[in-house]
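Participant: Mind looking over this structure? Questions follow.
In our numbering, the protein residues as written are 10 to 485.
Rendered as structure tokens:
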């Protein structure tokens with residue numbers, strides 16, 4: 010990469026999930042879905058009710074054994090004493106500690122003065138809960154009752170040992186309270202870890218419904234395989250579990266913790282910073298793939314933990330022709346009902362305007378660049394601050410060719426700062442090649458929830474991915 014000095018970020022360093030849906034039942038919003046839009050979408054209410062598979066004799070046996078250890082976890086508004094979120098949970102020791110999803114209790118974690126947490130057992134016992142610890146990245150939370158007496162003697166769900174891998178196709182049994190209508194068993198198959206996922210997530214071949222978030226998924230001996238967390242809207246019996254391993258870590262870390270009584274934004278921030286550092290390192294460590302363009306080297310990420318899809322215009326189409334690649338991560342980290350973060354997307358469009366002529370191509374090409382949306386000021390993030398420069402990338406082509414000198418680029422880099430997650434930003438890098446009169450490439454990298462230092466590294470890494478291909482007799 011050749012330009013005058015390092016990129017100056019447009020924000021001071023110290024300045025302030027594929028249609029997967031979270032399975033808690035929300036009273037006001039909807040299910041948290043992932044999206045390819047520039048800003049992560051807000052969660053929508055609960056997932057549509059999916060009828061749980063009728064349990065077999067094994068499922069009935071496991072349910073009867075685990076029944077005393079199952080709980081409904083509700084977040085209530087203090088002023089109205091009405092519920093704003095409903096999920097499930099399960100006891101993990103004889104002292105009454107229980108596990109659920111972070112997104113089930115996120116309203117309390119971030120606004121504890123406005124909310125309170127309560128539990129209800131299958132047999133109707135109720136009580137107040139305290140939040141001890143959470144893992145926002147893996148969507149887990151550890152709680153304990155204010156008074157453990159009603160939960161005494163109920164036993165606990167045991168975790169399946171890590172050295173006993175479950176075979177693909179084994180039957181597992183998910184427990185929870187779907188849509189607040191009563192506790193149920195959803196029987197399905199274990200299908201191993203989700204492929205191309207940055208965070209380890211288990212694929213459960215069964216139907217999960219809203220309200221089952223945080224419930225346990227058990228093997229045929231009643232041991233924990235994973236925790237219910239999400240399902241696909243666009244597929245039948247495609248659901249997801251958090252593995253038992255991070256559950257074990259959270260229990261050990263949080264069992265003796267002091268209850269959380271003040272907004273936990275600082276702890277959420279620290280966990281997200283640790284996540285983005287790991288994500289940035291892994292992403293930058295991977296070489297770019299070859300996009301196959303005859304004139305340009307275009308940065309296309311490896312599909313290790315992203316999924317890429319391509320499309321293009323038919324050859325018979327008159328006018329501007331293009332080929333497009335969209336790559337994105339499946340994983341989204343739920344912070345609150347309006348914010349999903351902690352992921353990357355990369356895309357590019359290769360344009361051929363030889364059927365348009367230079368003037369019309371220039372109008373369409375520049376118009377496409379101007380139409381890119383970089384976000385706006387909202388309750389979660391500031392308006393974007395951007396810098397725009399012309400730079401040159403890659404090695405010069407052969408002297409005397411139309412590729413003499415490095416590849417000229419127009420680049421725009423924008424940062425949006427998170428208002429309550431100090432030190433975290435959304436990065437957008439927009440690039441357009443400037444050499445061709447009737448052809449060109451435009452690309453974009455978006456990184457959500459990263460530090461300023463990581464933004465600097467990711468922007469440079471992306472720009473360095475553009476270069477000439479070997480000279481060919483391409484039209485200009």
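Glycine included, every Cβ here is placed at the ideal spot set by N, Cα and C. Everything numeric in this text was worked out from a predicted model, so none of it was measured.
Check whether the Cβ of residue 302 lies closer than 9 Å to any Cβ atom in chain C.
Facilitator: Going by chain labels, chain C is absent from the structure shown, which holds only one protein chain.
Participant: Would you list the one or two residues that DSSP bridges to residue 335?
Facilitator: As a first step, residue 335 is located in the chain shown; it is residue number 326 there, counting from the start. DSSP output for residue 335 lists 318 and 356 as bridge partner(s).
Participant: Contact defined as beta carbons within less than 8 Å: I believe residue 258 pairs with residue 169. What is the distance between those atoms, to the nearest angstrom?
Facilitator: As a position in the chain shown, residue 258 is number 249, starting the count at 1. As a position in the chain shown, residue 169 is number 160, starting the count at 1. Not a contact, Cβ separation roughly 15 Å.
Participant: How many angstroms separate the CA atom of residue 465 from the CA atom of residue 210?
Facilitator: As a working note, residue 465 is residue 456 in the chain shown. As a working note, residue 210 is residue 201 in the chain shown. Distance between residue 465 and residue 210, taken at the CA atoms: about 30 Å.
Participant: Does residue 102 pass the burial test, meaning 16 or more other C-beta atoms within 10 Å, or should it be called exposed?
Facilitator: Taking the chain shown and counting its residues from 1, the one referred to as residue 102 is at position 93. A residue is called buried when at least 16 other Cβ atoms come within 10 angstroms of its Cβ; residue 102 does not meet this threshold and is exposed.
Participant: Starting from the Cα of residue 286, find the closest Cα among 467, 70 and 66 and give me that residue.
Facilitator: The sequence position of residue 286 within the chain shown is 277, counting from 1. Ranking the options by Cα distance to residue 286, first place goes to 467.
Participant: Can you list, in chain order, the residues of its chain whose CB lies under 8 Å from that of residue 12, leaving out five sequence neighbours each side?
Facilitator: If you number the chain shown from 1, residue 12 lands on position 3. Its pLDDT being 38, under 50, residue 12 is placed unreliably in this model, and the value from its coordinates should be taken loosely. Sequence-distant partners of residue 12 (beyond 5 residues in either direction) whose C-beta falls short of 8 Å from its own C-beta, in its chain, are 398, 400 and 401.
Participant: Indicate whether residue 356 and residue 334 have their beta-carbon atoms separated by less than 9 Å.
Facilitator: The residue you call residue 356 lines up with position 347 of the chain shown. The residue you call residue 334 lines up with position 325 of the chain shown. Yes. Within cutoff.
Participant: In whole angstroms, what is the alpha-carbon distance linking residue 171 and residue 273?
Facilitator: Taking the first residue of the chain shown as 1, we reach residue 171 at position 162. Taking the first residue of the chain shown as 1, we reach residue 273 at position 264. Computed Cα separation, rounded: 31 Å.
Participant: Taking Cβ to Cβ, would you say residue 83 is nearer than 9 Å to residue 92?
Facilitator: Within the chain shown, the letter at position 74 stands for residue 83. Within the chain shown, the letter at position 83 stands for residue 92. Yes, they are a contact pair.
Participant: Three or more C-beta pairs closer than 8 Å, one from the region 442 to 453 and one from the region 416 to 432: is that the case here?
Facilitator: Short answer: they touch.
Participant: Can you tell which of 100, 362, 436 and 339 has its C-alpha closest to the C-alpha of residue 384?
Facilitator: Within the chain shown, numbered from 1, the residue matching residue 384 stands at position 375. The shortest Cα separation from residue 384 among 100, 362, 436 and 339 belongs to 436.
Participant: For a test of the three-state rule: what should DSSP assign to residue 361, helix, strand or coil?
Facilitator: Position 352 of the chain shown, counted from the first residue, corresponds to residue 361. Residue 361: strand per DSSP, three-state reduction.
Participant: Out of 255, 79 and 124, state which residue places its alpha-carbon closest to the alpha-carbon of residue 130.
Facilitator: Along the chain shown, read from residue 1 onward, the residue named residue 130 stands at position 121. When only C-alpha atoms are compared, the closest one is 79.
Participant: Taking its Cβ as the centre, do 16 or more other Cβ atoms sit within 10 Å of residue 358, making it buried, or is it exposed?
Facilitator: Here residue 358 is taken as the residue at index 349 of the chain shown, counted from 1. By the 10 Å Cβ count, residue 358 comes out buried.
Participant: Starting from residue 196, trace the beta strand (DSSP E) in both directions and tell me its first and last residue.
Facilitator: Indexing the chain shown from 1 puts residue 196 at position 187. Counting along the chain, the beta strand (DSSP E) containing residue 196 begins and ends at 193 to 202.
Participant: Between which two residues does the beta strand (DSSP E) carrying residue 97 extend?
Facilitator: The count along the chain shown starts at 1 and reaches residue 97 at position 88. Per DSSP, residue 97 belongs to the beta strand (DSSP E) from 92 to 100.
Participant: Is the region 239 to 257 in contact with the region 115 to 123, if contact means three or more CB pairs nearer than 8 Å?
Facilitator: no
Participant: Hey, would you say residue 434 sits closer than 9 Å to residue 351, going by beta carbons?
Facilitator: Residue 434 sits at position 425 when you count from the first residue of the chain shown. Residue 351 sits at position 342 when you count from the first residue of the chain shown. At least 9 Å separates the beta-carbon of residue 434 from that of residue 351.
Participant: Just to confirm my understanding: we take residue 374, look at its own chain, exclude 5 residues before and 5 after, and list those with CB closer than 8 Å. What are they?
Facilitator: Locating residue 374 in the chain shown gives position 365, where the first residue counts as 1. Cβ within range, chain order: 360, 362, 441, 449 and 451.
Participant: How many angstroms separate the CA atom of residue 154 from the CA atom of residue 100?
Facilitator: Here residue 154 refers to the residue found at position 145 of the chain shown. Here residue 100 refers to the residue found at position 91 of the chain shown. So the alpha carbons of these two residues sit roughly 11 Å apart.
Participant: Check whether the Cβ atoms of residue 124 and residue 87 sit closer than 9 Å, and answer yes or no.
Facilitator: Here residue 124 refers to the residue found at position 115 of the chain shown. Here residue 87 refers to the residue found at position 78 of the chain shown. Taking 9 Å as the Cβ cut-off, residue 124 and residue 87 qualify as a contacting pair.
Participant: I'd like to confirm the pairing. Which residues does DSSP put opposite residue 237 in its beta bridges?
Facilitator: Here residue 237 refers to the residue found at position 228 of the chain shown. In the DSSP output, where bridge partners are listed per residue, residue 237 has 250.
Participant: Using DSSP's beta-bridge definition, name the partner residues of residue 426.
Facilitator: Mapped onto the chain shown, residue 426 falls at position 417. DSSP, once it has assigned bridges, lists 434 as partnering residue 426.
Participant: For residue 199 versus residue 225, is the C-beta distance shorter than 9 Å?
Facilitator: Position 190 of the chain shown, counting from 1, holds the residue named residue 199. Position 216 of the chain shown, counting from 1, holds the residue named residue 225. Going by C-beta atoms, residue 199 is not nearer than 9 Å to residue 225.
Participant: By DSSP's criteria, residue 283 is part of a beta bridge. Which residues make up the other side?
Facilitator: Residue 283 sits at position 274 when you count from the first residue of the chain shown. Under DSSP, residue 283 forms no beta bridge with any residue.
Participant: Which residues does DSSP list as the beta-bridge partners of residue 417?
Facilitator: To locate residue 417, count along the chain shown from 1; it is residue 408. According to DSSP, which records beta bridges pairwise, residue 417 is partnered with 401.
Participant: Give every residue of the same chain whose Cβ lies closer than 8 Å to the Cβ of residue 178, excluding the five residues on either side of it in the sequence, and list them in chain order.
Facilitator: Counting from one through the chain shown, the residue named residue 178 turns up at place 169. For residue 178, where only same-chain residues beyond five positions count, the Cβ hits under 8 Å are 198, 199 and 200.
Participant: With H, G and I counted as helix, E and B as strand and the rest as coil, what does DSSP make of residue 274?
Facilitator: As a first step, residue 274 is located in the chain shown; it is residue number 265 there, counting from the start. DSSP places residue 274 in helix when its eight states are reduced to three.
Participant: Would you report the Cα separation of residue 205 and residue 251, rounded to the nearest angstrom?
Facilitator: Taking the first residue of the chain shown as 1, we reach residue 205 at position 196. Taking the first residue of the chain shown as 1, we reach residue 251 at position 242. About 15 Å.
Participant: Taking the alpha-carbon positions, what's the residue 108 to residue 183 distance?
Facilitator: Here residue 108 refers to the residue found at position 99 of the chain shown. Here residue 183 refers to the residue found at position 174 of the chain shown. Straight-line Cα distance between these residues: approximately 14 Å.
Participant: Please report how far the alpha carbon of residue 461 lies from the alpha carbon of residue 307, in whole angstroms.
Facilitator: As a working mapping, residue 461 is identified with position 452 in the chain shown. As a working mapping, residue 307 is identified with position 298 in the chain shown. Near 25 Å, if we compare the C-alpha coordinates of residue 307 and residue 461.
Participant: If you check the beta carbons only, do residue 149 and residue 140 fall under 9 Å apart?
Facilitator: Here residue 149 is taken as the residue at index 140 of the chain shown, counted from 1. Here residue 140 is taken as the residue at index 131 of the chain shown, counted from 1. Contact: no.
Participant: Let me check one thing: in DSSP terms, what residues is residue 153 bridge-paired to?
Facilitator: For the purposes of this step, residue 153 is taken as residue 144 along the chain shown, with counting starting at 1. Answer is 139, bridged to residue 153.
Participant: Within the continuous beta strand (DSSP E) that includes residue 459, where are the two ends?
Facilitator: Position 450 of the chain shown, counting from 1, holds the residue named residue 459. Here the beta strand (DSSP E) through residue 459 covers 448 to 459.
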